[in-house]
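Residue 1 is where the sequence shown starts when you use this note's numbering, and the numbers rise one by one after that.
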Amino acid sequence: MEYNHKALEKKWQRFWADQHTFRSADSQDKPKYYVLDMFPYPSGAGLHVGHPLGYIASDIFSRYKRSKGFNVLHPMGYDSFGLPAEQYAIQTGQHPAITTEANINRYREQMDNIGFSYDWSREIRTSEPDYYKWTQWIFMQLFNSWYNNELDKAVSIDTLVEHFENVGSKGINAVCDEDILEFTADEWKGFDEEKQQRELLKYRIAYLRESTVNWCAALGTVLANDEVINGVSERGGYPVEQKKMMQWSMRITAYADRLLRGLDTIDWPEPLVEMQRNWIGKSVGASVRFPLPQLDNYIEVFTTRVDTIFGVSFVVLAPEHELVAALTTPDQESEVKAYIDKTNKKSELDRMADTKTVSGAFTGSYAKHPITGQDVQIWIADYVLASYGTGAVMAVPSGDQRDYVFAKHFNLPVIPISDTQQIEEEADPNKNGRYINSDFINGMNYQEAVPALISKLEELKLGKAKINFRMRDAIFGRQRYWGEPVPVYFKNGLPYLIKEEELPLLLPEVDKYLPTETGEPPLGRAEDWKYEDQYEYELSTMPGWAGSSWYWFRYMDPQNADAFASKEAVAYWKAVDLYIGGSEHATGHLLYSRFWNKFLKDIGYHNEEEPFKKLINQGMIQGRSNFVYRILDEEGRGTNQFVSYGLKEQYKTIALHVDVNIVVNDILNLEKFRQFRPDFADAEFILENGKYHCGAEVEKMSKSKFNVVNPDDIIDTYGADTLRLYEMFLGPLEQAKPWNTNGIEGVYKFLKKVWRLFHDTEGNFHVSDETPVKAEYKALHKIIRKVEDDIERFSFNTSVSAFMICVNELTELKCNKRAILEQLIVVLQPYAPHIAEELWSLSGHEAGSISYAPYPVFNPEYLVESEFAYPVSVNGKMKLNLPLALDLEAKAVEEIVLANADVQKYLDGKPVKKVIFVKGKIINIVV
């Protein structure tokens, strides 16, 4: 019986599905282990061979943990709301749900073909109402909560109302908006409902306010920063502008310190941890107010170098700053407007990245220096962001490189601040220098000047010490159709929650998936869609990250209709033990997930501060592109002739990508190439030794480069077990590596060798119950230890090499011993589960699955050497190897060696002067 991967893989995939082999129980009989893959978005293109890399690794680890006696939760689902399905709906009129369902079915088929051990009974989809009901419910809890700094946690908004009713605003230490009111309890009670609700909105963790956003008119929606590249949308390349809109936001900044502290408690890749630290960006400094007597107002800035305040020569506002219009004088109005229009065409990322361009506009107005009272010019410039800090900076050209370049460009003063070298040669002022430009801190050093200045600013009521974070509150809304409806209606312009029993708030039907003619989001097209037939619903939907910010909880208890997960299930599974996914989610999904996890802990639904204990970022599998070389005529036009790679230097050519699926070992299939494109139907070839050799290059896998390899094709030719082993064999999990189908044949041959260990030369299954010899035990226990060590270190590629060595050793030993081979396939099954299941069944284990067979126990005694093949030399010249027991002493060794007939032959009757013996190394006879 030959190894038939097609038949046996389908057989065992059906068996696992029918028997629910990988269904997890909420049981405490075994220790639990929770393995999770990052939520995939199901695209119409399906999986290519780069996508399953992380899934294969997590599946190997899950199968290994089952064999080690753990109750493993290894689920899968789909992040099924999103822009691509909606764009397709806009183009075709087809409901996004239909597209999404087709894409999910395609993904599921491909995943099943690879043999993943997912518990499909727990499958979830973020676009299903019974799932997004709980996304909406979590939003409602966020809306009904505020962050109490005294308790360092979120608490119910009712406690805030109670405080206001009892003592007013006095003593509240909250994360909230800047423009909160001060009032007594009686004043609070005297506020009408509208005024009370407006004030509470300034404290809620989910709140509504005017924000500067990336608006894409062509897509009709707000885009996140990472969805905008070089001023255009990532999807479609449409223009994006900065625009102020009323938007839902999440007060993630309330959790900034906890998000930072938590990074010290989790096992994540250091580059990813550092990205989050930088994104959160904690800074210790001071808030400083520059008075504006003409407006009876002030410009507030945050600075980490309050000691440089006497070097301020101008103030810069973000073009979107709320005071720009009021500060712009009539003679500067046209210049300022033109500059703002230009800035609106840039995304925030573009503005942050552009460090070389110097641009700005003078408003025509002046602020007062908070200490000296001198006039300070007010400029606008796009390097200042409205969403960062206060949207304003105090410019110190002698202490900051960018301020210095700006000042020089616009001929603004550069005021020295200390007796140290100035900015022309050193970007950062020397903190040990002595200040020279103010009587107030003259002669002080940095450590003396900072507290003195903060004290002075507090005395003048123009500043205070402050901790600031780079991270901004997260915008929580998209002007799209295909997303979670926000469970909010509006009364007198203020947001109110619908009742919990009215969840889920379902997506209404619309005639088109475009904004209305008056510019409202697509939900504005829904007929008679009002709360209690009179109040307008929120027309924006939730962003793509909403449903993925809590999904690991739902896997714990996916059919629960009364809660997002029962407290018992959450108490048992606790947190994700191993999370595998891409590093591109470092400052998006992973931050939002940690934020929501901490919030749900605060309000009492679980006890884990962090959701993901260990995280691994898998590297990208890159494509290996192939090229053909088209010969050009004298005018540089492409001919119908193609020259093989080794001969191309003899001609003037242009390289063209060719479909890698019609190339084998860089040799082109000529007939399939002629079918590749209609214009190649009559192609002629200049060959090398009768073959057309293609060029090759490693690039990103994409359709445009014709280097996408479909896993279905690999599985059809070589099998899922081969695909799984080969993806691991390509290199370390965390590193990027090129896909090269050329090497896959060797892995396929390895599996055939495994199969032959269990079969005789005629193809009949045959294993022996004989007692193994020591060499067989040694080969087995080497692989037991190696694979266990490798899997625990996530070094899957080295295990594949070790398997090949082990099987070669057992093949040379002609080993067919049951005691060896059965344990070998238990060790192999996480990597190649289909062949392992088949051989396990053929070995007599017909009732169950190898998936729960205990992992073999490593016995170090089998690796202890009891004898050694000593190299025996005569007068220093090596003559032969002689196996001897390692516990023999010198005298016994000498007797055995000199009595050996082969040794005597080399001595040729000469008397032996001495025998040099080094235990475990050499024997040298001197004659």
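Idealized CB from N, CA, C, for every residue including glycine.
- Taking 8 angstroms as the cut-off, the Cβ atoms of G391 and L317 count as close.
- When C-alpha distances from Y537 are compared across S548, A569, L494, K774, the shortest belongs to L494.
- A561 counts as exposed, since fewer than 16 other C-beta atoms from the protein chains shown sit within 10 angstroms of its C-beta.
- Of all alpha-carbon atoms in E684, V800, N665, the one lying nearest the alpha-carbon of R674 is that of E684.
- Excluding five sequence positions before and after D350, the CB atoms of its chain that fall closer than 6 angstroms to its own CB belong to G231, given in chain order.
- Three or more Cβ pairs closer than 8 angstroms define a contact, and the stretch 459-474 meets that threshold against the stretch 269-286.
- C-alpha of P508 to C-alpha of D528: approximately 10 angstroms in a straight line.
- Going by C-alpha positions, A853 is about 6 angstroms away from S67.
- Where N468 is concerned, the enclosing beta strand (DSSP E) starts and stops at 463-469.
- Where H834 is concerned, the enclosing alpha helix (DSSP H) starts and stops at 833-842.
- Between I662 and the set N881, V312, N742, I791, the nearest pair of CA atoms involves N742.
- In terms of Cα proximity to F314, the closest of G477, P397, M620 is P397.
- If you draw a 10 Å sphere on the C-beta of H766, you find fewer than 16 other C-beta atoms in it, and that means exposed.
- The C-alpha of K691 is placed about 20 angstroms away from the C-alpha of K652.
- Within the same chain, and ignoring the five residues on either side of D382 in sequence, the residues whose Cβ sits closer than 7 angstroms to its Cβ are P319, T343, K346, R351, S359.
- Residue ranges of uninterrupted alpha helix (DSSP H) with 4 or more members, entirely inside the stretch 252-279 and ordered along the chain, are 256-262.
- The residue among R261, L539, F750 with its C-alpha nearest the C-alpha of L591 is R261.
- Taking all protein chains shown into account, N900 has fewer than 16 neighbouring C-beta atoms within 10 Å of its C-beta and is therefore exposed.
- For H657, no alpha helix (DSSP H) segment is defined; the enclosing uninterrupted segment is the beta strand (DSSP E) at 653-658.
- Look at N881 here: in three-state DSSP terms it is strand.
- Exposed is the label assigned to T159, since fewer than 16 other Cβ atoms lie within 10 Å of its Cβ.
- For D350, the enclosing alpha helix (DSSP H) has its first and last residue at 348-353.
- Looking at the DSSP output, T303 sits in a beta bridge with A286.
- When the Cα atoms are used, S540 and W137 turn out to be separated by approximately 17 angstroms.
- Shown here, W529 sits in coil according to DSSP, grouped into three states, outside any helix or strand.
- Between G311 and Q332, the CB-CB gap reaches or exceeds 8 angstroms.
- By the Cβ test, the stretch 23-39 is not in contact with the stretch 786-804, since fewer than three Cβ pairs between them sit closer than 8 angstroms.
- In this structure L615 is not in contact with W146, their Cβ atoms being roughly 30 angstroms apart against a cut-off of 8 angstroms.
- Counting the other CB atoms within 10 Å of its CB gives S704 a total below 16, which places it among the exposed residues.
- Residue state for R793 is assigned as coil, using DSSP reduced to three classes.
- In this structure L863 is exposed. Its beta-carbon is surrounded by fewer than 16 other beta-carbon atoms within 10 angstroms.
- Nearest to N445 by alpha-carbon distance, out of L223, T308, S566, is T308.
- Looking from the CA of M620, the closest CA among H5, E699, I654, K672 belongs to E699.
- Secondary structure note for G54: its alpha helix (DSSP H) is the uninterrupted segment 52-67.
- Comparing alpha carbon positions, the residue from D533, V510, E532 closest to P522 is V510.
- Boundaries of the beta strand (DSSP E) harbouring L223: 221-223, taken from the DSSP string.
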